[in-house]
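Residue numbers (this note's numbering), protein chains in the order written: chain A, 34 to 553; chain B, 2 to 360.
Report on one structure; see the data block that follows.
Written as C-alpha cells, this is what we have:
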C-alpha cells in the first residue's frame, strides 16, 4: 500500500494523472448487449496489431522469383515470389506461425464484420443524430479503412487467389476514363503484375493505413467520451442523464474481460479452423485460376456488383473507350457509400431537429429510417450474394444465368420490397406497443362471468414497463410556409416533400389522458 | 465578427458563434411536444443479486473467479508446453496441425480464463448499483464561446490576417502550390515508357510456336483432338530472364478444335484457324481474369471470376455476364514440321479495356 501511494504520487507530480482519473475514473457507461459490437471491433483490432507484428518478423514482401525449397512437398521446385515463399514458411516452418496467420486473418474478418454490425446498430437506433454526426463520419472512414487494410493484407502472400484479386483491381483501374492505363502502370510499377506491387501494398498495410486507422480510432474514442454514450429509453433514464456502470471498477472489469474473451474466441477459432490455405492455391501466375474464386467476405459486395452487370456495356466515343460494365458498379458503390456517410446530415435536414439526442431509438419507432436501412441492407445483400453466384449455382444445382438474374432482381427491386415490408412491420409493431401500453397484455387467465361469458383477463403493465413503450419522439411533416419575403422556395418544397414522405405514416405515443380514460 | 450577425436575418436561426437568444432551446424542428405526455416514472426499485443476499454464494463466486484466473495460468503454461512438446517435424505435415491445435488451445485457455473471470467478477461481486451522471450540452458555455471568439479576434488583430489580405492570399497560394512537387515525384513509380504502347503488343509474332503452359513444349496440330483444350504460351516465354509474368499476362492463349460444321467464322478471318483449330486470348475482356473453364459440349468458355461466357463456335462473342467484347483471336497456322505457329500478333489489345484501347 505504501508503495502504491508513493508510485501514484510520483506519477501525478510529473503528469497530473489525478486530473484524468478524477474526470474519467467514474465516468458512466450505459449497458446494452448491442453496445458491445463496437468493443468487438476495437478489441479485434488490438488482436490484429499483436498478431500482425509477429507476422512482420518473418514475412518478406519481395517479389523476386525463387524456387521453393520448403517442407511442403507438392510445391517443391516450383518458381514463386519470395513473398509467397515466406508466407509458406510462416505456415509450415515456424512453430505458432500458422496459428498467428490464422489469428490475424480471422481477427481481420471479425474486425470488418463487427464494424459493419456496429454501424447497423448506430444507424437503426438513430445514435448518429446530433451531436454524433461527425463521429458517424469518422466511423464510416474506419469502415472503409478496415476494408482497405483487409484487401491490402489479403494480397500480400502473392498466392494465386489474391493475385487474381489484384488482377481484377488492375482491370477496374484500367477502365477509369482518361488516366486508367497510367494509374495502373504507376501503381504496379510496370505492366501488370510487375515486381513492385507487393512491397508497395506492404508499406500501405503495415504503416500508412494502420497509422491513419489508429489516429481515427483515437478521434472516435475522444468524441465518444465528449458526447457520452447513448442509452436506450428506460425508467429513470432521460435525455439529460447517463445511467450505468462507472469506468472504475465495473466497466473496466467488464470491458477488460471482454477484450480477453474476444481474443480468446479468435485464438480458439484459429486453432480449430483453417482460413486462407494459400498452399492449396499455389503461387500467382496470370494463366491458371481455380473455379469458385471469390474474395474475403467484406469485398464481396464490390465483386458482386461487377458480376451483376448485363453484357455488352461498353461504348467507344471519338476513339476513347468507356467501360460502363466497370464504371457503373464503381460509381454505384461510391454513391451507395456516400449516401451511408452523409445520411445523418440528410435526416437532420429533413427533420430540422437541432436538439441533442442521447436516447437510442427503438428501430420500430422510426419506421421510415428503419425501412431505408432495410432497403440498404437488401441492396448490399444482393451484391454480396452475387459474389458467390457461381457457388450458389453449383451447390444448389441451378444455372448460373438463373442465379444472376434472380440476384439482379434482388438488388434492383428487392430494396423497394424491403422498404415497404419493413415500414409496415414497424408501424404494426408500434400499434401493438400502443395497444399493450393502453390495455395491458393478455395474462392467459380465462374467467367465466356469472352470465356464462368467457373473457381473458388483461394485466396492466407497471409504470416502468410502460415507459419503454411510450417514451419516443413524435414528429409531423413540415408544412410549406412562405419565408420573410413571402416566397416559397424550391428548396423548401423539396424539404417539405421529403419531410412528408418521412413522417406522414406515424403512430402517436400514448398520452396521459388516453391512459387515464382507459382506466375508467 | 459576431456582432455583424446581431439580430435575426430571417429564415433559420443565424449560425453565429455567439447566439444572443436563449441557447438552451435549440430548434426541435418538426418534433411534436405534447403537454400531456406520460411522465418518466423514475428509477425502479433495485433488485439485489444472490451474491448480495447470501454470503455463501458470495464466497462461492469469489472462489469461481480466482479458479478461473488460475485456470488461465494453467492455460498459458500448457501453451508453452505445447510449443515444446509438439514441434514441427520435417516430412510430417500432421505435426503442423498438432502444433497449431495445442498451442492455440493453450493460449485460448489462458485468455478465456481471464476474460470469463473478470466479467464474472464484475457481474457477481462488484458493487452492482447503477449510477447516474448528468449530461451537459456539448457546446461550450456562452462564456467560454465568447472567450474563444475574443481569442480569435485578438489573434486576427495582432496578426492582421484579415486586414493584410495580400499576405494572406499569397500564403494560401503558396500552400496550395507546395504539394505539387509531392505529386510530381511519383512519376518514377514506373519506368519511362508509355504504358499504352506496351498494352497493345504481346510476345506473339509471325512464326512463334504455340507451346504448352507451363512446360513450353510445342504443339502439333494433329495432337489437338476435338473436345480438348490446350493452355498455351508463346515459345520462349518460359526462358525469359525478366518480365515473364508480365508477358504471360498478355500472351496466354486457349487452343481448341471444333468440328468444322460447328465453327462459324467471319469471312475475313477464315484463314486465322487451322482445320477447325482456333486460338483465343485467355485473358478476359472484362477485368482480366484467365478465362479458364472450357465446356467441350457447348464450346463455351466461362470466366470463373465474374462468369462471363464466350461462345467459341461464334468468334468467342459474349453470350452472358459482364464482359463487353469477344476474346481477341490469335491467327494461327502450321509450320513445315506440323507445329502450330502464330501468323502474327493479336490484331487488337488483349485483356481489360482501357481509355486509349480503340485508338
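The C-beta atom is built at its ideal place from N, Cα and C for all residues, glycine as well.
- The stretch 466-516 of chain A is shown to contain whole alpha helix (DSSP H) runs of 4 or more residues at 496-503, in chain order.
- Leaving aside the five residues that flank residue 315(A) on each side, the residues in its chain whose CB is nearer than 6 angstroms to its CB run, in chain order, 193.
- Residues of the same chain with a CB within less than 7 angstroms of the CB of residue 464(A), apart from the 5 flanking positions on each side, are 540 in chain order.
- Boundaries of the beta strand (DSSP E) harbouring residue 232(B): 230-235, taken from the DSSP string.
- At least one CB of chain B lies nearer than 9 angstroms to the CB of residue 322(A).
- In this structure residue 217(B) is in contact with residue 236(B), their Cβ atoms being roughly 7 angstroms apart against a cut-off of 8 angstroms.
- Chain order gives no chain B residues near residue 39(A), where near means a beta carbon separation below 8 angstroms; the closest approach is about 27 angstroms.
- By the C-beta criterion, the stretch 295-305 of chain B is judged not to be in contact with the stretch 342-349 of chain B, since fewer than 3 inter-stretch pairs fall below 8 angstroms.
- Within the same chain, 163, 164 come within 6 angstroms of residue 389(A) by CB-CB distance, once the 5 residues on both sides are set aside.
- Restricted to the stretch 171-220 of chain B, the alpha helix (DSSP H) segments that are unbroken, complete and at least 4 residues in length are 180-185, 196-200, listed in chain order.
- For residue 100(B), the closest Cβ of chain A is nearer than 9 angstroms.
- Your pair residue 32(B) and residue 386(A) checks out as a contact, with CB atoms roughly 6 angstroms apart and the cut at 8 angstroms.
- For residue 278(B), the enclosing beta strand (DSSP E) begins and ends at 278-282.
- In this structure, residue 309(B) lies away from residue 335(B), with their beta-carbon atoms at least 9 angstroms apart.
- For residue 120(B), the closest C-alpha among the options 289(A), 225(A), 147(A) is that of 289(A).
- One alpha carbon belongs to residue 76(A), the other to residue 149(A), and they sit about 15 angstroms apart.
- Contact between the stretch 196-207 of chain B and the stretch 213-220 of chain A is present: three or more C-beta pairs spanning the two stretches fall below 8 angstroms.
- Taking a Cβ-Cβ cut-off of 8 angstroms, the neighbours of residue 500(A) in chain B comprise 39, 41, 42, given in sequence order.
- The Cβ atoms of residue 219(A) and residue 191(B) sit closer than 9 angstroms to each other.
- Beta-carbon to beta-carbon, residue 356(A) and residue 208(A) are separated by about 4 angstroms, close enough to satisfy the 8 angstroms threshold.
- DSSP, reduced to helix, strand and coil, places residue 90(B) outside both helices and strands of the structure shown, so it counts as coil.
- Here residue 114(A) carries a strand assignment [DSSP, helix/strand/coil].
- The C-beta of residue 250(B) comes closer than 9 angstroms to at least one C-beta of chain A.
- Per DSSP, residue 273(B) lies in no beta strand (DSSP E) segment and is marked neither H nor E.
- Per the C-alpha coordinates, the member of 241(A), 420(A), 230(A), 112(A) positioned closest to residue 324(A) is 420(A).
- The Cβ-Cβ distance between residue 321(B) and residue 437(A) falls below 9 angstroms.
- Nearest CB-CB separation between residue 284(B) and chain A: below the 9 angstroms threshold.
- In the DSSP annotation of this structure, the continuous segment of the beta strand (DSSP E) that includes residue 355(A) starts and ends at 353-355.
- One thing to note: residue 91(A) has its Cβ within 9 angstroms of the Cβ of residue 130(A).
- Here residue 276(A) is near residue 133(B), since their CB atoms are less than 9 angstroms apart.
- In the three-state reduction of the DSSP assignment, residue 117(B) falls in the helix class.
- Under the 8 angstroms Cβ criterion, the stretch 85-93 of chain B does not count as touching the stretch 137-146 of chain B, having fewer than three qualifying pairs.
- When DSSP reads this structure, residue 236(A) sits in no beta bridge, so it has no partner.
- Between residue 317(A) and residue 122(A), the C-beta gap is not smaller than 9 angstroms, which leaves the two residues out of contact.
- Proximity to residue 316(B) across 325(B), 341(B), 265(B) peaks at 265(B), based on C-alpha coordinates.
- For residue 103(B), at least one C-beta of chain A is nearer than 9 angstroms to its own C-beta.
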